[in-house]
Amino acid sequence: MTESSHAEASVFDRFERVVDPSLYRPLPEDDLIGMTDVVNSTRAIQDGRYKAVNMAGAAAITAVMNAVPGESFPFVFGGDGATLAVSLRHEAPVRDALARTSAFARDELGLDLRAALIPLSAVRAAGGDVRLAWFEPNPHVRYAMFSGGGLVFAEQAMKAGRFAIDAAPVGQRPDLAGLSCRYMPVASRNGVILSLIVKLAEGARESEFARAVMDILSMLRALDRDGHPVPAEGPPVNWPPQGLDLEARASRRSESLALRKFKLRLITAASWFILKTGMKVGSFDPAHYRRQTTQNTDFRKFDDGLRMTIDCSAETADSVERRLGELRASGVLSFGAFRQKQALVTCIVPDPMHDDHMHFVDGAEGGYALAARMLKGEAMPA
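Under my numbering, the first residue of the sequence shown is numbered 1001, with each subsequent residue one higher.
#1: Taking A1058 as the reference, which of R1307, G1178, D1355, P1241 has the closest Cα?
#2: Taking 7 Å as the cut-off, decide whether the C-beta atoms of A1126 and S1072 are in contact.
#3: Can you give me the start and stop residues for the alpha helix (DSSP H) that Q1342 sits inside?
#4: Is the segment 1263-1281 close to the segment 1234-1252, with three or more CB pairs under 8 Å?
#5: Excluding the 5 residues preceding and the 5 following D1030 in the sequence, name in chain order all residues of the same chain whose CB lies nearer than 7 Å to its CB.
#6: Have a look at A1187 and A1063 and give me their C-alpha separation to the nearest angstrom.
#7: CB-CB under 7 Å to M1374, same chain, minus the five flanking residues each way: which ones, in chain order?
#8: What number of angstroms, rounded off, separates the C-alpha of F1299 from the C-alpha of K1159?
#9: Would you list the residues sitting across from R1131 in a DSSP beta bridge?
#10: By how many angstroms is the C-alpha of V1094 removed from the C-alpha of L1176?
#11: What are the partner residues of N1138, as DSSP defines its beta bridges?
#12: So K1051 is in the alpha helix (DSSP H); what residue range does that whole segment cover?
#13: Would you grab the beta carbon distance between R1260 and R1252 for me? Rounded to a whole angstrom, and I think it's under 8 Å.
#14: Compute the Euclidean distance between the alpha carbons of M1219 and Q1292, then round it to the nearest angstrom.
#15: Shortest alpha-carbon distance to V1361 belongs to which of T1346, E1247, D1351?
#16: Smallest Cα separation from G1081: which of L1098, G1070, P1235, A1329?
#17: Per the DSSP calculation, A1187 is bridged to which residue(s)?
#18: Ordered along the chain, which non-local residues of its own chain (more than five positions away) have a Cβ less than 6 Å from that of T1002?
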């Protein structure tokens, strides 16, 4: 596979095929694996700032998109971080974009965002691999799915300080055009927003793990839209949006934060009125846009393991966790689960007139970050 063939990797539109090994193709030998991670995201969660954590995770993806415009590269949003793969020939702009994103997180969000760019050759030398397929929930967007076990090594290397990217100096900002968070938190309609991470247990066979994942997915198939946490008609809107301060910090350049907030209040007031009333403006249909938002939302994914944000009843969550516990006891998998009442949606919208806008969903009270702690057997924050 060459860099240009990232976009030509296998595409599937039924999520149940996510554990089909025949779909995945090895990444090009000269690829680099970019990773970011908010250090001590638990503290931000305790302070009620998980929306800022999600913003930092999505900012890395946005910054790289804008640094290599026109390139199709695979990425996964992980809640408190992101993973992506790019060609060696893009190393300089991607390294710069990630350094600037770390600086943005530090200077504007008060978060420590570590970043690394790990050569795929180092991953393979350690015995891992990174393979790619694309899940296409509809004809307008596709999301990368990764397998091969190599992301585990890459994450460990990043957290050990290897291949680290230092944050840029104060004042060097990334291009975050398109990044926004104007939707309100999405309340569970069934009682629980379940954040779930399921990983292959050490020593287990991939075929056993695939059957286990299919078992869990079959349990969720009975749910409305497979447990999609965002209403079919789109996420809720209100004014001013809760994420206005975060978007102002992401989108301001040389102007003051106060001026940018003032401008955004005007912009978001107009967009809120249009979305709330459903009033068409030219060729823009707000009802269609909100429906497309739901259809484009990445509520389930695979990055060396299953990662899902689902809306379900407490009874369903109990059943899923009980079954996962049985599979863990049999040595097939490890898992982390965290329950909350709401979900958050963070958006990348290059052009609202096109249907290819992307939306990342996570639990609102800790989501994937706290599910990951449960996966590792760490104590929950008090």
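From the three backbone atoms N, C-alpha and C, an ideal C-beta is built for every residue, glycine too. Computed from a predicted structure; not experimentally measured.
In short:
#1: Here the question's residue 1058 lines up with position 58 in the sequence shown. Among R1307, G1178, D1355, P1241, the Cα nearest to that of A1058 belongs to G1178.
#2: Translated into positions along the sequence shown, residue 1126 becomes position 126. Translated into positions along the sequence shown, residue 1072 becomes position 72. No, these two residues do not count as a Cβ contact at 7 Å.
#3: To locate residue 1342, count along the sequence shown from 1; it is residue 342. Looking at the DSSP string, Q1342 is not in any alpha helix (DSSP H); the run it does join, the beta strand (DSSP E), is 1342-1348.
#4: yes
#5: Position 30 of the sequence shown, counted from the start, is the residue given in the question as residue 1030. Correct list, in chain order: S1087, L1088.
#6: For the purposes of this step, residue 1187 is identified with residue 187 of the sequence shown, where counting begins at 1. For the purposes of this step, residue 1063 is identified with residue 63 of the sequence shown, where counting begins at 1. Going from the Cα of A1187 to the Cα of A1063 covers about 29 Å.
#7: Start at 1 with the first residue of the sequence shown, and residue 1374 comes out as number 374. So the list reads G1336, A1337, F1338, once near-sequence residues are dropped.
#8: Position 299 of the sequence shown, counted from the start, is the residue given in the question as residue 1299. Position 159 of the sequence shown, counted from the start, is the residue given in the question as residue 1159. Rounded to the nearest angstrom, the two C-alpha atoms are 26 Å apart.
#9: As a position in the sequence shown, residue 1131 is number 131, starting the count at 1. Answer by DSSP bridge pairing, in chain order: P1026, S1147.
#10: Here the question's residue 1176 lines up with position 176 in the sequence shown. Here the question's residue 1094 lines up with position 94 in the sequence shown. One C-alpha to the other measures close to 13 Å.
#11: For this step, residue 1138 is matched to residue 138 along the sequence shown. For N1138, which the question treats as bridged, DSSP gives the partners V1141.
#12: Taking the sequence shown and counting its residues from 1, one reaches residue 1051 at position 51. K1051 -> alpha helix (DSSP H) spans 1050-1067.
#13: Position 260 of the sequence shown holds residue 1260. Position 252 of the sequence shown holds residue 1252. Going by Cβ atoms, the distance from R1260 to R1252 rounds to 4 Å, so yes, they are a contact pair.
#14: Sequence index remark: in the sequence shown, residue 1219 carries index 219 (1-based). Sequence index remark: in the sequence shown, residue 1292 carries index 292 (1-based). Distance between the alpha carbons of M1219 and Q1292 is about 26 Å.
#15: Looking up residue 1361 in the sequence shown gives position 361. Among T1346, E1247, D1351, the Cα nearest to that of V1361 is on T1346.
#16: Reading the sequence shown from its first residue, position 81 is the one you call residue 1081. Per the Cα distances, L1098.
#17: Residue mapping note: residue 1187 aligns to position 187 of the sequence shown, counting from 1. Note: A1187 sits in a beta bridge opposite Q1342.
#18: Residue 1002 sits at position 2 when you count from the first residue of the sequence shown. Residue placement at T1002 is flagged as unreliable, the pLDDT there being 46, under the threshold of 50; a coordinate-derived value is accordingly withheld.
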